[in-house]
Amino acid sequence: MLDFILNMPTKIHFGKGEVQKTGDIVKGYAKKVLVVTGRSSAQKTGTLEKVLTSLKKADVDALVFDRIEPNPRATTIDEAARLAREEQCELIIGLGGGSAMDAAKAIATVALSKRPIHEYIRGNHTGLWKSLLPIQEALPIIAIPTLAATGSEANSGAVITNWETKEKSSISGPGLFPKAAILDPELTFSVPANYTADGAVDIFTHLYEGYLTGDEEAHVQDEITEGLMRTVIKYARQAIDSPQDYEARAQLLWTSTLALIGVAGAGRGGPFPVHQIEHTISAHFDISHGRGLAILTPAYFKHIVKPDRPQRLARLGRQVFGLTHKNLDEAAEAAIAAVEDWMKSIGAYDTLQNVGIPKESFQQMAEDTVRVSGMGQGFVAATRPLQANDIVKILNAAYTGE
Ligand code: NZQ
Ligand code: ZN
């Protein structure tokens, strides 16, 4: 096991109706807040109203910024941060999926520092991020997830897109840990089947990335990871079949938090190459993050992990899907098929061709991934250093799913 430091400072309030306590939780930190949310779901479901009512009851003034797009953009962040500053908001609430929560973290950063967010984005062309990260200070943040996927509610990262330069990458630092996360599974009842499935694939990918690329002697981490993988597989199905099944939504939501809170990966490490390639795809073509991961996963497994670390795929197949193949090659192959079948069964499986991404874009996207996510190394770390031509190979395979 590798050495590690694990910091998990976010206070988690989990339970039915917990959203009604928002005002009481927030009032210890601020008298005036900016509520940051997406364009429609929190309004339609009445969740925004619940948050505002609770804040009012606690005598907390609230302003709303409800124009965060999926794959939140730097220009939107800067605009909302200006509002927060002008209105002297003391705290930012992120209400929604990963996009709204990530935007809240970025807005909290810019509102305090007055620097445009693009300067902070890791790997971007200005190079300023090298001195600005890790972010130590931001306005206090409270996260209220309405979608089980990213784990942003209790971690110190956020992913922001500079649409003009097609750079999508992370910002991070201890200043971005939400002070509190309010996890109310009922808020996720309204998530449609497609986003429930994409979210499940995102959770699954957060789990398999380090599991496949990291230290192989991290046994407790492997057991934790496999347990979380089995849980997401079981309850994604149940939540899609019965969207208002409280237990299914609760299991999925808590699994999404646990998958990226640091506990599964501490002491194992391991890079997240599929995330890095997906971030470039959604920076160029604005697709759903989870769907992009689903598209890339079988191609990455077949062309990179199977030749490099078949034993890890074989273990995943055995521990997560109950496969019993004795021969290593067959076991790895069967594990890839099992993951692909699972994604098909929940409707998340897709191809680049099917979502309209042209082959002509592959070379540029591969180079962008190496430039942005490689951070000057000239490659993206995985089970081996991935060069642009390796990434083109993955994209080609993901085009038709071969
Ligand atoms: O935009 P609104 O109107 O809110 O609708 C959203 C959006 O259309 C909708 N939605 C959210 N909650 C809902 C709901 N619809 C009905 N009922 C509800 N309760 O779902 C759609 C997708 O939302 P979004 O926030 O974009 O999805 P997700 O949670 O998957 O977040 C994706 C973003 O997070 C980043 C991704 O790159 C992407 O930009 N990530 C953030 C991470 C982090 N901070 O740790 C890690 C991840 O790996 C990821 O990169
Ligand atoms: Zn992800």
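Residue numbers for the sequence shown follow our numbering, beginning at 1123 and rising by one. Here a beta-carbon is modelled for each residue, glycine too, at the ideal position from N, C-alpha and C.
*Coarse secondary structure for residue 1154, derived from DSSP in three states*: Your numbering for residue 1154 matches position 32 in the sequence shown. Here residue 1154 sits in strand by DSSP.
*Should residue 1131 go down as buried or exposed, given a rule of 16 or more other Cβ atoms within 10 Å for buried?*
What you label residue 1131 is simply residue 9 of the sequence shown in a count that begins at 1. Classification of residue 1131: exposed, given that the 10 Å Cβ count is below 16.
*Looking at the structure shown, is residue 1472 part of a helix, part of a strand, or coil, going by DSSP?*
Sequence index remark: in the sequence shown, residue 1472 carries index 350 (1-based). Coil.
*Can you say whether residue 1345 is buried or exposed, counting buried as having 16 or more other CB atoms within 10 angstroms of its CB?*
Working through the sequence shown from its first residue, we reach residue 1345 at position 223. Residue 1345 should be labelled exposed.
*Collapsed DSSP secondary structure at residue 1281 in the structure displayed*: Translated into positions along the sequence shown, residue 1281 becomes position 159. In this structure, residue 1281 counts as strand in the three-state DSSP scheme.
*Can you name the start and end residues of the alpha helix (DSSP H) that residue 1489 belongs to?*
Translated into the one-based positions of the sequence shown, residue 1489 becomes position 367. Segment 1484-1495, the alpha helix (DSSP H) holding residue 1489.
*In this structure, does DSSP put residue 1136 in helix, strand or coil?*
For the purposes of this step, residue 1136 is taken as residue 14 along the sequence shown, with counting starting at 1. Note: residue 1136 maps to strand in three-state DSSP.
_Completely contained alpha helix (DSSP H) runs for the stretch 1397-1435, where each covers 4 or more residues_ = 1411-1422
*So what does residue 1195 bridge to, in DSSP terms?*
For the purposes of this step, residue 1195 is taken as the residue at position 73 of the sequence shown. Paired residues: 1283.
*Regarding residue 1281 and ligand 1, is the C-beta to nearest heavy atom distance less than 7 Å?*
As a position in the sequence shown, residue 1281 is number 159, starting the count at 1. Residue 1281 Cβ: within cutoff of ligand 1.
*asked:* Can you tell me whether residue 1183 is helix, strand or coil according to DSSP?
replied: Counting from one through the sequence shown, the residue named residue 1183 turns up at place 61. Three-state DSSP puts residue 1183 in a strand.
_contact_flag[the stretch 1328-1341, the stretch 1375-1390] where n(CB pairs < 8 Å) is 3 or more_ = yes
*Do residue 1411 and ligand 2 come close, with the Cβ less than 7 Å from some heavy atom?*
By one-based count along the sequence shown, residue 1411 stands at place 289. Indeed, a heavy atom of ligand 2 lies less than 7 Å from the Cβ.
*asked:* Tell me whether the stretch 1183-1196 and the stretch 1148-1161 touch, counting them as touching only if at least three CB pairs, one residue from each stretch, are closer than 8 Å.
replied: yes
*If you count every other CB in all the chains shown that lies within 10 Å of the CB of residue 1126, and 16 or more means buried, which is it?*
Counting from 1 along the sequence shown, the entry for residue 1126 is found at position 4. Burial call: exposed.
_Start-end ranges of the alpha helix (DSSP H) lying completely within the stretch 1217-1254, minimum 4 residues_ = 1220-1235, 1251-1254
_Cβ neighbours of residue 1142 in the same chain (closer than 7 Å, five flanking residues each side left out)_ = Working through the sequence shown from its first residue, we reach residue 1142 at position 20. Excluding residues within five positions, the ones whose Cβ falls inside 7 Å are 1172, 1176.
_Any 3 or more C-beta pairs closer than 8 Å across the stretch 1219-1229 and the stretch 1185-1202_ = yes
*Please report the Cβ distance between residue 1304 and residue 1293, rounded to the nearest whole angstrom; I am assuming they are in contact, meaning their Cβ atoms lie under 8 Å.*
As a first step, residue 1304 must be located in the sequence shown, where it is residue number 182. As a first step, residue 1293 must be located in the sequence shown, where it is residue number 171. Wrong, their Cβ atoms sit about 22 Å apart, outside the cutoff.
*Counterpart residues of residue 1502 in DSSP-defined beta bridges*: Counting from 1 along the sequence shown, the entry for residue 1502 is found at position 380. Bridge partners of residue 1502: 1508.
*Going by C-alpha distance, which of 1413, 1350, 1367 is nearest residue 1385?*
Residue 1385 sits at position 263 when you count from the first residue of the sequence shown. Considering only alpha carbons, the answer is 1350.
_Taking the alpha-carbon of residue 1414 as reference, which of 1306, 1368, 1367, 1465 has the nearest alpha-carbon?_
Your numbering for residue 1414 matches position 292 in the sequence shown. For residue 1414, the nearest C-alpha among the options comes from 1465.
*At least 3 beta-carbon pairs within less than 8 Å: the stretch 1315-1335 vs the stretch 1375-1382*: yes
*Just grab the DSSP bridge partners of residue 1293 for me.*
Taking the sequence shown and counting its residues from 1, one reaches residue 1293 at position 171. 1280.
_Once the 5 residues before and after residue 1433 are set aside, which same chain residues still bring their CB inside 7 Å of it?_
Translated into the one-based positions of the sequence shown, residue 1433 becomes position 311. Around residue 1433: 1450.
_Any heavy atom of ligand 1 closer than 7 Å to the beta-carbon of residue 1164?_
To locate residue 1164, count along the sequence shown from 1; it is residue 42. Correct: residue 1164 has its Cβ closer than 7 Å to ligand 1.
*If you check the beta carbons only, do residue 1081 and residue 1288 fall under 8 Å apart?*
The question about residue 1081 has no answer here: the residues shown for the chain are numbered 1123 through 1524.
*Kindly indicate which three-state DSSP category residue 1267 falls into: helix, strand or coil?*
Numbered from its first residue, the sequence shown carries residue 1267 at position 145. Three-state DSSP puts residue 1267 in a strand.
*Does the pairing of the stretch 1403-1420 with the stretch 1440-1447 give three or more beta-carbon distances under 8 Å?*
no
*Determine contact between the stretch 1245-1254 and the stretch 1197-1204, defined as no fewer than three beta-carbon pairs at a distance below 8 Å.*
no
*asked:* Using the three-state DSSP reduction, which class does residue 1189 fall into: helix, strand or coil?
replied: Residue numbering aside, residue 1189 sits at position 67 when the sequence shown is read from its first letter. Of the three classes helix, strand and coil, the one that applies to residue 1189 here is strand, per DSSP.
*What is the DSSP secondary structure of residue 1175, reduced to helix, strand or coil?*
The count along the sequence shown starts at 1 and reaches residue 1175 at position 53. Of the three classes helix, strand and coil, the one that applies to residue 1175 here is helix, per DSSP.
*Kindly indicate which three-state DSSP category residue 1213 falls into: helix, strand or coil?*
In the sequence shown, counting from the first residue as 1, residue 1213 sits at position 91. Here residue 1213 sits in strand by DSSP.
*State the start and end residues of the unbroken alpha helix (DSSP H) segment that holds residue 1454.*
On the sequence shown, position 332 is the one that residue 1454 refers to. Looking at the DSSP string, the run of the alpha helix (DSSP H) that includes residue 1454 is 1450-1467.
_Following a CB-centred definition, is residue 1476 positioned closer than 7 Å to any heavy atom of ligand 1?_
Working through the sequence shown from its first residue, we reach residue 1476 at position 354. No - ligand 1 has no heavy atom lying nearer than 7 Å to the Cβ of residue 1476.
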